[in-house]
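Contents: one structure, followed by commentary.
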Ligand code: DC
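Numbering (this note's numbering), first residue to last: 1 to 204.
Structure below.
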């Protein structure tokens, strides 16, 4: 049985947390597709050419804690606008989505390009200020010295680049359910996502 859940949305909207919770609830596998682009971005920062990096990704490229930094996120967003980088990462994502036992993929183009026939599509969003505030708290909790305005500017710049690119831009699929988490607790957002999926999922 394959059952695919596509979860898209901008940075720090809560899609990672929701995806993990949904995968655990239904016993599905989870792929954070942002990590693929982050791994390519990190390789580019280390001197590798972008398409070369995308074509030669290995599983050990995903374990690095540095992939979560703002610098790598920005590099990821830049390489993600290169069509040949996206096509090098396509087959892996499509195969993952079709795996037996169900799959949750989160990213920017899952419901539109990777899995246009996904069984459930969610678009998880929140205001730029709320998302920047969440990211700011995460960063300061880790001991990073930064200020809110800087984080907000980075969030907005990344959104604009991800939404404006020609290939597979970030956009809600026409048949996606939008979940605005600006005024929601994470528990509430997860509960809403799970109930939207339950309405469509009949375990065999
Ligand atoms: O989800 P994230 O913040 O880890 O993603 C990092 C960047 O990767 C994001 O700014 C754009 C790119 N990305 C993408 O273009 N398509 C995806 N499916 C996932 C991420």
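For every residue, glycine included, the Cβ atom is placed at its ideal position computed from N, Cα and C. The structure presented is a predicted model; accordingly, all values stated were derived computationally and were not measured.
Beta-carbon proximity of residue i to residue j, cut-off 8 angstroms
i: residue 118; j: residue 6; result: yes
i: residue 190; j: residue 18; result: yes
i: residue 122; j: residue 196; result: yes
i: residue 8; j: residue 108; result: yes
i: residue 205; j: residue 28; result: Outside the modelled stretch of the chain, which goes from 1 to 204, sits residue 205, for which no answer is possible.
i: residue 135; j: residue 155; result: yes
i: residue 111; j: residue 164; result: no
i: residue 130; j: residue 185; result: no
i: residue 148; j: residue 132; result: yes
Top-ranked residue by Cα proximity to residue i, from the options
i: residue 188; options: 116, 84, 154, 124; result: 124
i: residue 162; options: 135, 58, 75, 62; result: 75
i: residue 58; options: 174, 38, 70, 77; result: 38
i: residue 143; options: 40, 69, 56; result: 69
i: residue 42; options: 67, 153, 85; result: 67
i: residue 194; options: 16, 21, 178, 2; result: 21
i: residue 40; options: 2, 1, 86, 16; result: 86
i: residue 45; options: 93, 145, 77; result: 77
i: residue 83; options: 31, 55, 140; result: 55
i: residue 198; options: 16, 25, 90; result: 25
i: residue 60; options: 153, 102, 35, 72; result: 35
Contact belief for residue i with residue j at Cβ below 8 angstroms, rounded distance in angstroms
i: residue 128; j: residue 159; result: 7 angstroms
i: residue 62; j: residue 201; result: The pair is not a contact, with the Cβ atoms about 28 angstroms apart (cut-off 8 angstroms).
i: residue 33; j: residue 93; result: 6 angstroms
With contact counted as at least three CB pairs below 8 angstroms, one residue from each stretch, are the region 47–54 and the region 11–27 in contact? Below 8 angstroms, too few C-beta pairs join the region 47–54 and the region 11–27 to call them touching: fewer than three.
Sequence ranges, alpha helix (DSSP H) only - wholly within the region 103–164, length at least 4: The qualifying runs are 128–141, 148–164.
Kindly confirm or deny that the region 85–99 and the region 108–115 touch, where touching means at least three C-beta pairs closer than 8 angstroms. Judged by Cβ distances under 8 angstroms, the region 85–99 makes contact with the region 108–115, as three or more pairs qualify.
At 4 residues or longer, what runs of the alpha helix (DSSP H) sit wholly inside the region 13–46? Runs of the alpha helix (DSSP H) inside the region 13–46: 15–26, 34–45.
My parser needs the alpha helix (DSSP H) runs of 4 or more residues fully inside the region 164–204; what are they? Taking 4 residues as the minimum length, the alpha helix (DSSP H) runs contained wholly in the region 164–204 are 186–198, in order along the chain.
Ranges of the alpha helix (DSSP H) found wholly within the region 46–70, counting only runs of at least 4: Whole alpha helix (DSSP H) segments, 4+ residues: 50–55.
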